[in-house]
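Peer 1: After the structure tokens below, expect a handful of questions from me.
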């Protein structure tokens, strides 16, 4: 068998396998004999008729397909031996078969789909600044207020509901005198001022007391869900309970109750919060710098990936989004389009854009890693498990489980972990060198 490789420079690799008559001829004979065993000829027991008589009743198409299947199974697993290539795991290679009448040869042409690659012009010296914001008193005060709210008690009240109060209510929504999907609920707890409802709803609940009933009117905004946008609606509301938020006093004693900050005084708490916010700012600045670096590299890089890869990835993203919507809201794909106001074409475009960005990010990560000899070692992996000793224990336990259940494997998890480590090592390199 003669084997020839050809990188198409479009995200695919062709492997051409040519078989001479002396190679495929014996296979045809074996396939024919096997098929003859299942032929019944009148006057003979099954499989016992003379070969010529049985062969006359065998489909030439069956012989052809049987031969091709044998050639594939004989050589497929070794097709890429010695050839360094990264294949897309979830796309099966395509196959075309051609017969050369003159040379009496069969050619099997496999097309494999490759993971995205790119040529990077520069990944160092881009001189992109990392701008870390200063921590402000306003941020510290806002965090303190949030901690007070998080640790507050909700106390039932007979007073009128005000902004910031929690109200438990039943409501039923009507459009043109008919209830509409998603417009009703029972024992729903709403925080007034949270703006989690359609504009105008919470504002009309303010001032109501426990036991009050009222019908309110409002108009859905024009940029709301397509099925409700610009429509007038009425809501029959019954306030079942009003709860006031009683915050603790902001002092040293309160600071001591917050174990995560290990503070003895209010001043200690403020310093700990400032440190926490500073860490967040540094992380945000780092992420912003990485995004700018990746955008700069992407601008001048030359990418290679196949249309098939992009198609499969786009379909996977679309399926993931629709499944998430279905699990969260229990609605079908058609209902998703209707309620969200998004067309299938718009969803496809959005998913394709995401797939393209993911392909380019993947390619850049691999190119930078290769150009700068960035690799993931076993020590890197072990560090994620708390050290080499703990890592070896986990591997041993996994192997024991595999011996009991052949389906058990942590290979997929370890592969994802190595991918995450590589991405972080590349990002560390880019931040340090730009």
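In the UniProt record's numbering, the protein residues as written are 1 to 434.
Beta carbons: idealized from backbone N, C-alpha and C, even for Gly.
(1) Exposed or buried, what is residue 21 when buried is set at 16 or more other beta-carbons lying within 10 Å of its beta-carbon?
(2) Quick one: give me the first and last residue of the beta strand (DSSP E) that residue 157 is part of.
(3) Quick check on the burial criterion: 16 or more other C-beta atoms within 10 angstroms. Buried or exposed for residue 123?
(4) I'd like to know whether the C-beta atoms of residue 309 and residue 113 end up nearer to each other than 8 Å.
(5) On the three-state DSSP scale, how would you describe residue 72?
(6) Take every Cβ of the stretch 362–369, pair it with every Cβ of the stretch 417–427, and state whether three or more of those distances are shorter than 8 Å.
(7) Going by C-alpha to C-alpha distance, which of 198, 203, 234, 161 sits closest to residue 210?
(8) What three-state label does DSSP hand residue 3 in the structure shown?
(9) When the distance is taken between beta carbons, is residue 126 closer than 8 Å to residue 296?
(10) Which residue or residues does DSSP assign as beta-bridge partners of residue 397?
(11) Beta-carbon separation of residue 321 and residue 381 under 8 Å?
(12) Assuming residue 10 contacts residue 111 (C-beta within less than 8 Å), just tell me the rounded distance between them.
(13) Could you spell out where the alpha helix (DSSP H) holding residue 59 opens and where it closes?
(14) Going by DSSP in three states, residue 24 sits in which element: helix, strand or coil?
(15) Label residue 56 either buried or exposed according to how many other C-beta atoms from any shown protein chain fall within 10 Å of its C-beta, with 16 as the threshold for buried.
(16) For the beta strand (DSSP E) containing residue 187, list its first residue and its last residue.
(17) With a threshold of 8 Å on Cβ separation, who are the neighbours of residue 193 within its own chain once the five nearest residues in sequence on each side are excluded?
(18) Give the C-beta separation of residue 313 and residue 355 to the nearest angstrom, bearing in mind that I take them to be a contact with Cβ-Cβ under 8 Å.
(19) Any contact of the stretch 146–159 with the stretch 235–255, i.e. 3+ C-beta pairs under 8 Å?
(20) Determine the direct distance from the alpha carbon of residue 67 to that of residue 61, and round the result to whole angstroms.
(21) Buried or exposed: residue 117, going by 16 or more other Cβ atoms within 10 Å of its Cβ?
(22) Rounded C-beta distance between residue 128 and residue 434? I'm assuming under 8 Å.
(23) Kindly give me the distance between the Cβ atoms of residue 216 and residue 235, rounded to whole angstroms, as I take these residues to be in contact under 8 Å.
(24) Confirm, please, whether the CB-CB distance from residue 171 to residue 521 is below 8 Å.
(25) Whose C-beta lies closer than 7 Å to the C-beta of residue 51 among residues of the same chain, with five residues either side of it excluded?
(26) Please state the DSSP three-state secondary structure of residue 136.
(27) Starting from residue 112, follow the beta strand (DSSP E) in both directions and report where the run begins and ends.
(28) For residue 378, which three-state DSSP category applies?
(29) Just tell me which of 86, 431, 121, 31 has its CA closest to the CA of residue 287.
(30) According to the Cβ coordinates, are residue 261 and residue 269 closer than 8 Å?
(31) What separation, rounded to the nearest whole angstrom, lies between the Cα atoms of residue 265 and residue 343?
(32) Just the Cα atoms here: how many angstroms apart are residue 403 and residue 81?
(33) Is it true that the stretch 173–190 meets the stretch 133–147, where meeting means three or more beta-carbon pairs spaced less than 8 Å apart?
(34) Could you tell me whether the Cβ of residue 14 comes closer than 8 Å to any Cβ of chain B?
(35) Apart from the five residues just before and just after residue 58, which ones in its own chain have a Cβ nearer than 8 Å to its Cβ?
(36) Would you call the CB atoms of residue 132 and residue 115 closer than 8 Å?
Peer 2: Quick answer:
(1) Result: exposed.
(2) 153–157
(3) buried
(4) yes
(5) helix
(6) Flag = yes, the stretch 362–369 and the stretch 417–427 touch.
(7) The shortest Cα separation from residue 210 among 198, 203, 234, 161 belongs to 161.
(8) strand
(9) In this structure, residue 126 lies closer than 8 Å to residue 296 by Cβ.
(10) Note: residue 397 sits in no beta bridge, so no partner.
(11) no
(12) Not confirmed; about 10 Å, so no contact.
(13) From DSSP, residue 59 is part of no alpha helix (DSSP H); its letter is neither H nor E.
(14) helix
(15) Residue 56 is classed as exposed because its beta carbon has fewer than 16 other beta carbons within 10 Å across all chains shown.
(16) Element bounds for residue 187: 178–191.
(17) 163, 164, 202
(18) Sure, about 4 Å apart at Cβ, within 8 Å.
(19) With the cut-off at 8 Å, the stretch 146–159 and the stretch 235–255 touch.
(20) 10 Å
(21) buried
(22) 5 Å
(23) 5 Å
(24) The chain is shown from 1 up to 434; residue 521 falls before or after that span and cannot be answered.
(25) Excluding positions up to five away in sequence, the list reads 36.
(26) coil
(27) 105–113
(28) helix
(29) 431
(30) yes
(31) 56 Å
(32) The straight-line gap from Cα to Cα measures roughly 29 Å.
(33) The stretch 173–190 vs the stretch 133–147: no contact.
(34) Note that chain B does not occur in the displayed structure, where there is just one protein chain.
(35) Here residue 58 has 32, 35, 36, 39 as same chain residues with Cβ atoms under 8 Å from its own Cβ, once five neighbours each way along the sequence are excluded.
(36) no
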